[in-house]
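For the record, in the sequence shown the residue sitting at position 46 is 697 according to the numbering used here, with numbers rising by one throughout. Heads up, the thing below is written out as structure tokens.
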Amino acid sequence: MSEAKYKVLAETEVSEVFVTEDEEGQVLYHLELGNITVHLLPEDWEDFLELMTQVMQ
């Protein structure tokens, strides 16, 4: 059994956003905020990005 691919998209001292892809090709986005981690499927990640874009306006 091989490990999932792991790529850091952004990080600060206390937060990190990374994406993983398992051996079956399933992609998950992970948003770590301190001691909380949110795991998102690609369609949920896109929705989250749209939401954050609205927040930034």
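Beta carbons: idealized from backbone N, C-alpha and C, even for Gly. In this text, all values refer to a predicted model and were calculated from it rather than measured experimentally.
Nearest-angstrom Cα separation, counted from residue j out to residue i
i      : j      : result
Val700 : Thr671 : Sequence inspection shows Leu at residue 700; the Val mentioned does not correspond to that position. Each residue's Cα considered, the two are about 17 Å apart.
Leu684 : Thr663 : 10 Å
Asp698 : Met707 : 14 Å
Tyr680 : Val668 : 7 Å
Val665 : Val659 : 14 Å
Glu654 : Glu675 : 11 Å
Extent of the continuous alpha helix (DSSP H) to which residue i belongs
i      : result
Glu697 : 693 to 707
Counted within 10 angstroms of its Cβ, other Cβ atoms place residue i as buried (16 or more) or exposed
i      : result
Tyr657 : exposed
Start-to-end residues for the beta strand (DSSP E) that takes in residue i
i      : result
Glu672 : 666 to 672
Ala661 : 656 to 662
Glu683 : 678 to 684
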